[in-house]
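Terminal number for the sequence shown in this note's numbering: 321, no gaps in between.
Even for Gly, the Cβ is constructed at its ideal location relative to N, Cα and C.
Keep in mind that this is a model prediction, so the values were computed, not measured.
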Amino acid sequence: MSPELQFLLLTILRMAVAAAFVVSASIITERSGPVIGALIATLPISAGPSYTFLALDHDAAFIAEGALSSLPVNAATILMGLVYAVLAQRRGMWISAGSAIAVWLVLATIIRQFEWTLAGGLIINAITFAVCIPLLKPYRHVAKMPLIARRWYDIPLRAALVASLVGTVVTTSGWVGPRVTGVMALFPIVFSSMMLILHPRIGGPATAAVLANSAWGLLGFGLGVAMVHVAVLQFGSAIGLCCALATCILWNLTLWWNGRRKKART
């Protein structure tokens with residue numbers, strides 16, 4: 056088998072694995088309501104596969120530097136969610152989702168121009184989340200989450216989106232470098248697919264509730280990205296990525312437990 060064909064088949068396999076993972080998580084998200092759905096959506100279900108496959112092709116230094124670029128992009132994602140939540144209350148899907156994604160692209164373009172440090176990434180996340188979390192609070196609840204009638208193209212659309220992202224990140228990482236790769240790896244595939252698929256079915260306010268409830272979970276995701284940078288340099292890519300995943304899971308489990316405790320009190 057030629058090296059070119061081997062690379063192509065390996066890339067297709069990686070794309071298929073990532074697509075299956077994200078589609079499964081998205082289906083669970085739809086059926087779990089806005090709170091649990093948001094916690095699932097903020098797990099690294101799209102960035103995780105991207106970084107895992109990158110770790111197979113690059114050394115720990117590449118992964119660590121890519122994580123530094125990914126960290127401020129996490130702040131851009133919560134701003135994207137805020138823009139969507141505000142517009143979706145009265146606007147249609149194309150205006151709401153289109154404006155939110157456009158904001159993310161502009162911010163990501165700005166972010167990639169700078170060489171970030173761990174402290175800088177953490178500070179920009181802290182400031183952004185301190186502003187966005189209170190602003191998202193009014194959009195976290197809806198009177199009733201409508202039932203979702205899935206259409207035939209839902210799963211193929213999600214699979215195509217995430218497969219395209221993973222394929223692009225993996226195949227271009229060698230020549231665009233870790234800084235651009237780190238930005239691309241955090242493109243909000245899950246949030247974008249929710250906007251495009253859920254908005255026409257359950258309406259803007261209900262879809263916005265899922266994204267608004269994701270704010271605290273997305274903060275934990277940012278801590279997971281920071282963990283990638285720190286842990287891969289100390290322990291290698293495999294252990295470092297596992298530590299980052301454990302950070303995200305532990306954070307979201309804590310949020311879930313805290314939510315149940317507050318609900319039990321009331």
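| Asked | Found |
| --- | --- |
| Could you compute how far the alpha carbon of A143 sits from the alpha carbon of V161? | 20 Å |
| Tell me the DSSP secondary structure of N268 in three-state form. | coil |
| Comparing alpha-carbon positions, which option in T227, A319, L300, I188 lies nearest A267? | I188 |
| Thinking C-alpha only, which one of G136, A319, F290 is nearest R195? | G136 |
| What residue does the alpha helix (DSSP H) around W171 start on, and which one ends it? | Note, W171: premise wrong, no alpha helix (DSSP H); not H, not E. |
| If I measure Cβ to Cβ from A293 and keep anything under 8 Å in the same chain, skipping five residues before and after, which residues do I get? | A110 |
| Measure how close the beta-carbons of M282 and T302 come, nearest whole angstrom, since I'm counting them as under 8 Å. | 5 Å |
| Label P243 either buried or exposed according to how many other C-beta atoms from any shown protein chain fall within 10 Å of its C-beta, with 16 as the threshold for buried. | buried |
| Going by the beta-carbon positions, is the gap between I166 and V128 smaller than 8 Å? | yes |
| Would T132 and L241 be called neighbours here (beta carbons separated by less than 8 Å)? | yes |
| Can you give the Cα-Cα distance for C297 and R146, rounded to whole angstroms? | 40 Å |
| Helix, strand or coil, according to DSSP, for G143 in the structure here? | The question names Gly, yet the displayed sequence has Ala at residue 143. Residue state, collapsed to three classes: coil. |
| Beta carbon of V287, beta carbon of A119: below 8 Å? | yes |
| Among T223, V141, H113, P233, which residue has its Cα nearest to the Cα of W171? | P233 |
| Kindly list the residues whose CB is nearer than 6 Å to the CB of A155, restricted to its own chain and excluding five residues on each side of it in sequence; keep chain order. | M135, V138, Y139 |
| So what does DSSP say about D114, is it helix, strand or coil? | coil |
| Which residues in the same chain have their Cβ closer than 7 Å to the Cβ of V158, if we skip the five residues on either side of it in sequence? | L134, M135, V138 |
| Using only alpha-carbon positions, find the residue among I150, L310, G291 that is nearest to G272. | L310 |
| Once DSSP output is grouped into helix, strand and coil, what is the label at S247? | helix |
| Closer than 6 Å by C-beta to L98: which residues in its own chain qualify, once you throw out the five before and the five after it? Chain order, please. | C303 |
| For F108 and I100, what's the separation of their Cα atoms in angstroms? | 13 Å |
| Got a sec? Which residues, its chain only, sit under 8 Å from F290 by beta carbon, not counting five neighbours each side? | C298 |
| According to DSSP, is G121 part of a helix, a strand, or is it coil? | helix |
| So for G258, helix, strand or coil by DSSP? | coil |
| Look up S101 in the DSSP assignment and say whether it is helix, strand or coil. | coil |
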